[in-house]
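Numbering (our numbering), first residue to last: 17 to 221.
Idealized CB from N, CA, C, for every residue including glycine.
All figures in this text were calculated on a predicted structure; none of them were measured in a lab.
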Ligand SMILES: N[C@@H](CCC(=O)N[C@@H](CS)C(=O)NCC(=O)O)C(=O)O
């Protein structure tokens, strides 16, 4: 079995670093220097035509999109390690939150960043759209807050790669201006997830 993980520090790839650390499976790491535009090199584009990280190549098969990588890691290695539900309705719950992270919450965050980040040329930004997107992000965080009112983790009562992926993303958005203290259930859940030793190890790696 071979797993090659293409990553960049402080990018969407951190969720996969954390998952690989939780799973404790051997893998090879290849750093992609985004500033040097390694992602545009022909060899990399042949594996990931999107030119983005993360990318996981499993036995020669390239898998891009962090949510898809998480689903694949979960069903292939996570079930026997109690980090992903077996096939069935709990697994459907894990899929639901993985997709929600990238599409629903992630879409609102992408609009927020597009309209507020100094890295986007001013003429392409709109303060009004930025405010609308901020409100959308907060609505999504409110949905998560309600979901966590009576549960410690998203599916099946135990920590899973669905929690890991969403916590990794929520941690990122705390850095771009969304303090989680306003949502106490979410805040406590984020602390439960990110205090895991594998998270600490993945940040040090
Ligand atoms: N939807 C993708 C997003 C990946 C993504 O946007 N990666 C960024 C780093 S955070 C990237 O590689 N950017 C390089 C570029 O756009 O040139 C996923 O979840 O995997």
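Assignment of beta strand (DSSP E) within the stretch 149-217, counting only whole runs of 3 or more residues, yields no such run. With fewer than 16 other Cβ atoms from the protein chains shown falling within 10 Å of its own Cβ, residue 137 counts as exposed. Each residue's CA atom was taken as its position, placing residue 162 and residue 201 some 8 Å apart.
Under the three-state reduction of DSSP output, residue 23 falls in the strand class. Separation of residue 68 and residue 32 (C-alpha to C-alpha, rounded to the nearest whole angstrom) is 14 Å. The alpha carbon of residue 17 has as its nearest neighbour, out of 41, 221, 149 and 96, the alpha carbon of 41. In this structure, residue 38 sits near residue 180, with a CB-CB distance shorter than 8 Å. Here residue 61 has 55 and 67 as same chain residues with Cβ atoms under 8 Å from its own Cβ, once five neighbours each way along the sequence are excluded. Between the alpha carbons of residue 192 and residue 73 lies a distance of about 30 Å.
Distances from the CA of residue 144 to each of 155, 130 and 78 were compared; the closest alpha carbon is that of 130. With contacts defined as CB atoms closer than 8 Å, residue 206 and residue 196 qualify as a contacting pair. Judged by beta-carbon spacing, residue 164 lies beyond the 8 Å limit of residue 182, meaning their Cβ atoms are not closer than that value.
Judged by the Cβ position, residue 182 fails to qualify as a neighbour of ligand 1 at the 7 Å threshold, every heavy atom of the ligand being at least this far. Counting along the chain, the unbroken alpha helix (DSSP H) around residue 111 starts and ends at 105-115. A check of alpha carbon separations from residue 187 across 173, 219 and 167 identifies 219 as the nearest. In the DSSP annotation of this structure, the continuous segment of the alpha helix (DSSP H) that includes residue 38 starts and ends at 30-39. DSSP lists 71 as the bridge partner or partners of residue 80. Cβ-Cβ distances below 6 Å link residue 189 to 125 in the same chain, with the five nearest sequence neighbours on each side left out; the list follows chain order.
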